[in-house]
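Note that UniProt numbering has the sequence shown beginning at 1, numbered continuously upward.
Every residue, glycine too, gets a C-beta built ideally from N, C-alpha and C.
Read the structure below first, then the notes.
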Amino acid sequence: MMLPETKTGVSSPKLKYGAISWFDHLHITFVFLCLPYHLGLEVFRTLFNFTPSVSPAYTAKPLKRRIGDALIRSSLPALEPSEIQWVLGSGLDIYHKWAKRYSLPTAVDYLDCGKGIGGHLLWIGPKRTKNVMLYCPAYFYPVQDYSLKLWRYAQLEWENQGIDVGIAVSVLTEAAFPTQLRQAVRAIEHLISIGCQLSDIQLVGDSAGGNLVTQVLSHILHPLPFVPPLKIPQSSRFRGVYLMSPWVSLSNSDQWGDSFQSKSYYDIAKGVEQLGPLYLAHVPSSLTPYVEPVRAPDDWFAGLEDVVDRILLSTGNEERLFDQDVVFFEKKIKECHRNATLVIQEGGLHDDPIMDFLISEVPLENTLTPVVLEWIAKGFKA
Numbered sequence: 001m002m003l004p005e006t007k008t009g010v011s012s013p014k015l016k017y018g019a020i021s022w023f024d025h026l027h028i029t030f031v032f033l034c035l036p037y038h039l040g041l042e043v044f045r046t047l048f049n050f051t052p053s054v055s056p057a058y059t060a061k062p063l064k065r066r067i068g069d070a071l072i073r074s075s076l077p078a079l080e081p082s083e084i085q086w087v088l089g090s091g092l093d094i095y096h097k098w099a100k101r102y103s104l105p106t107a108v109d110y111l112d113c114g115k116g117i118g119g120h121l122l123w124i125g126p127k128r129t130k131n132v133m134l135y136c137p138a139y140f141y142p143v144q145d146y147s148l149k150l151w152r153y154a155q156l157e158w159e160n161q162g163i164d165v166g167i168a169v170s171v172l173t174e175a176a177f178p179t180q181l182r183q184a185v186r187a188i189e190h191l192i193s194i195g196c197q198l199s200d201i202q203l204v205g206d207s208a209g210g211n212l213v214t215q216v217l218s219h220i221l222h223p224l225p226f227v228p229p230l231k232i233p234q235s236s237r238f239r240g241v242y243l244m245s246p247w248v249s250l251s252n253s254d255q256w257g258d259s260f261q262s263k264s265y266y267d268i269a270k271g272v273e274q275l276g277p278l279y280l281a282h283v284p285s286s287l288t289p290y291v292e293p294v295r296a297p298d299d300w301f302a303g304l305e306d307v308v309d310r311i312l313l314s315t316g317n318e319e320r321l322f323d324q325d326v327v328f329f330e331k332k333i334k335e336c337h338r339n340a341t342l343v344i345q346e347g348g349l350h351d352d353p354i355m356d357f358l359i360s361e362v363p364l365e366n367t368l369t370p371v372v373l374e375w376i377a378k379g380f381k382a
């Protein structure tokens, strides 16, 4: 099928988010009918360690957490990306249901991103204009309630330290590059328009959301003519950027090391082999540095110290994206920013702090979570 070309040279797909056929409905039904068997098998393997070798740091995790990981391994790989989108629903609906369950107020800002593109900014807790964290979830799928649970937990922990933090979640719609970048830029502009100073904002993204945060940084340093510019006032910078398990290589991931294959059994990052090509199909090769930052020139992020005060990147040594994350940090970020930190979590899987909240209301002896919360809190204390 030929896709129409936009003025940017980027193909504009017409596929609707979560659009599935009657056959897909049957496939989803079949997968869920088989789920108890596959989950039972995975739990059995987990209990008795009948699985490929993994670090002692992972097997030391609470059994409850490892069973939660087994649930993800049992379900997601069997479904197509569009089927997963249909099952999960929309981020806006998930947000309202989550807030209702926990008796929390809701606040939704609509974002007009131009060119007929819209978006939403969802607030966890009250809106604030000081100490604001803008969270970009993975954009292939809607924000999940367990992500919201993590950041609500963090918000309460910061309150106990006397730090009131406003958390805004950028909900991204379905579309090809650079739609999500437009939305992220508009979200930042919106925060500034309601009174936020750039120095009071920290950007956070996990997985593909981490990729999106790097797109924002790239756009500031190398403005794209077909995306509204994000003008940074002189001597004004973001307070911080945190990238959790960022997905920085959407193709040929084996070139960065063997983790993409050797960690494929335990890790929850399933299906990225399908998602990467789907996204890149609408991106000209000339724009590769924006969407695959690990493949950007080594000096691509030169000038980053003028954009953000500090950077934290975390990855787990048991996740598939481990090698690409380390290469990205060492070759692209560390060389261009003196206040950049890499944290490697022993036994950590993809988005490890978030996955605790799939089956818990608090971290499950997670060694990374307190490090991340303290790093973000330190930025707001400065």
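Which of helix, strand or coil DSSP assigns to residue i
i, result
"His96", "helix"
"Leu313", "strand"
"Val326", "helix"
"Glu365", "coil"
"Ser11", "Confidence in Ser11 is poor, its pLDDT being 43 and thus under 50, which makes the residue's placement unreliable; the coordinate value appears in the next sentence. Three-state result, Ser11: strand."
"His219", "helix"
"Ala119", "It should be pointed out that residue 119 corresponds to Gly in this sequence rather than to Ala. In the structure shown, Gly119 sits in a strand (DSSP, three-state: E or B)."
"Val248", "coil"
"Leu321", "coil"
"Val227", "coil"
"Met2", "Low local confidence applies: a pLDDT of 25 at Met2 is under 50, so the model's placement there is unreliable, and no value is given."
"Gly257", "coil"
"residue 401", "In this structure the chain extends from 1 to 382, so residue 401 is not present and cannot be described."
"Leu243", "strand"
"Ile376", "helix"
"Val308", "strand"
"Ala382", "coil"
"Ile124", "strand"
Span of the beta strand (DSSP E), counted from its first residue to its last, around residue i
i, result
"Glu59", "Reading off the sequence shown, one finds Thr at residue 59, where the question assumed Glu. Segment 56-59 is the alpha helix (DSSP H) holding Thr59; no beta strand (DSSP E) there."
"Leu198", "Element bounds for Leu198: n/a, residue is neither H nor E."
"His282", "Here His282 belongs to no beta strand (DSSP E), and DSSP marks it neither H nor E."
"Ile344", "340-345"
"Pro170", "Before going further, note that residue 170 is Ser rather than Pro in the sequence given. From DSSP, the beta strand (DSSP E) with Ser170 extends over 166-171."
"Val108", "108-112"
"Leu134", "132-136"
Residue i burial status per 10 Å Cβ neighbour count (16 or more: buried)
i, result
"Thr369", "buried"
"Leu15", "The predicted model places Leu15 with a pLDDT of 49, which falls under 50 and marks its position as unreliable; any figure quoted below should be read in that light. With fewer than 16 other Cβ atoms within 10 Å, it is exposed."
"Gly166", "buried"
"Asn211", "buried"
"Cys34", "exposed"
"Glu159", "exposed"
"Ser170", "buried"
"Lys378", "exposed"
"Arg101", "exposed"
"Lys231", "exposed"
"Tyr37", "exposed"
"Leu364", "buried"
"Asp356", "buried"
"Asn252", "exposed"
"Glu83", "buried"
"Gln180", "buried"
Nonlocal neighbours in the same chain, by C-beta distance under 7 Å from residue i, ignoring five residues either side
i, result
"Tyr110", "Gly118, His120"
"Asp145", "Ile94, Trp98"
"Ile67", "Val43, Thr46"
"Ala138", "Asp206, Ser207, Ala208, Gly209"
"Lys7", "Note that Lys7 scores a pLDDT of 40, beneath 50, so its modelled location is shaky; the value from the coordinates is reported in the next line. Same-chain partners within the cutoff: Phe226."
"Leu39", "Ala70, Leu71, Ser74"
"Leu275", "Pro81, Phe140"
"Lys334", "Ala340"
Span of the alpha helix (DSSP H) around residue i
i, result
"Asp24", "22-48"
"Leu148", "145-160"
"Val291", "288-291"
"His190", "179-193"
"Pro353", "352-356"
"Ala70", "63-75"
"Val87", "81-88"
Same chain, Cβ closer than 8 Å to residue i, five either side skipped, listed in chain order
i, result
"Ile192", "Leu198"
"Lys332", "Pro293, Val294, Ala296, Asp298, Trp300, Phe301"
"His96", "Thr106"
Same chain, Cβ closer than 6 Å to residue i, five either side skipped, listed in chain order
i, result
"Gly195", "Thr129"
"Asp267", "Glu319, Arg320, Leu349, His350"
"Gly162", "none"
"Leu148", "Trp98"
"Met2", "The predicted model places Met2 with a pLDDT of 25, which falls under 50 and marks its position as unreliable; any figure quoted below should be read in that light. Once the five neighbours on either side are set aside, Met2 has no close Cβ partner at all."
"Tyr242", "Val204, Leu312"
Review point. Do the stretch 338-349 and the stretch 302-311 meet, that is, are 3 or more Cβ pairs less than 8 Å apart?
Key: yes
Point to revise | Stretch pair the stretch 321-337 + the stretch 250-270: three plus CB contacts closer than 8 Å | key: yes
Practice item. State whether the stretch 281-291 contacts the stretch 199-219, with contact taken as three or more CB pairs (one from each stretch) at a distance under 8 Å. Key: yes
Check your understanding: Is the stretch 306-317 in contact with the stretch 215-229, if contact means three or more CB pairs nearer than 8 Å?
Key -> yes
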